[in-house]
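In the numbering used here, the protein residues as written are 111 to 251.
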């Protein structure tokens with residue numbers, strides 16, 4: 111089961127290939143989300159954020175993708191069009207001109223206006239993200 115530090119490491123790897131870059135292709139594979147790819151294609155990723163075990167991909171147009179790996183999900187980063195050899199089910203593909211961030215086997219994936227993320231059932235119950243670099247010790251205290 112992925113825990114907070116593992117998600118933070120995945121977020122750091124994803125940030126290296128997505129942050130401040132335009133996403134040229136976005137593919138959701140689950141039927142309820144398939145139509146959402148168009149909303150994100152051509153947009154710039156402004157931040158990859160973790161809140162506990164949730165990973166948030168924020169875009170410059172005010173929308174975000176929420177993902178929670180649950181027990182089986184895993185993020186992988188690869189060169190563009192060089193999919194890893196895995197038996198897992200691809201759930202989300204975010205492609206730049208050179209790299210891709212690929213989410214496999216996760217069951218909790220949704221699209222939110224960034225300003226409304228505080229209403230998400232999981233996120234609304236979270237305290238400060240201890241692994242977030244901008245959290246001050248006074249906030250934790």
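We treat Cβ as the ideally placed atom computed from N, Cα and C, and that holds for glycine.
For residue 132 versus residue 150, is the C-beta distance shorter than 7 angstroms?
-> no
Mind pulling the alpha helix (DSSP H) runs of 4 or more residues that sit fully within the region 160-217?
-> none
Inter-residue spacing [alpha-carbon to alpha-carbon] between residue 168 and residue 143 = 17 angstroms
In whole angstroms, what separates the C-alpha of residue 186 from that of residue 146?
-> 21 angstroms
Whose C-alpha, out of 216, 190, 165 and 221, is nearest the C-alpha of residue 204?
-> 190
Kindly identify the DSSP beta-bridge partner or partners of residue 154.
-> 132
May I ask you to list the residues that DSSP assigns as paired with residue 223?
-> 173
Would you call the CB atoms of residue 124 and residue 188 closer than 7 angstroms?
-> no
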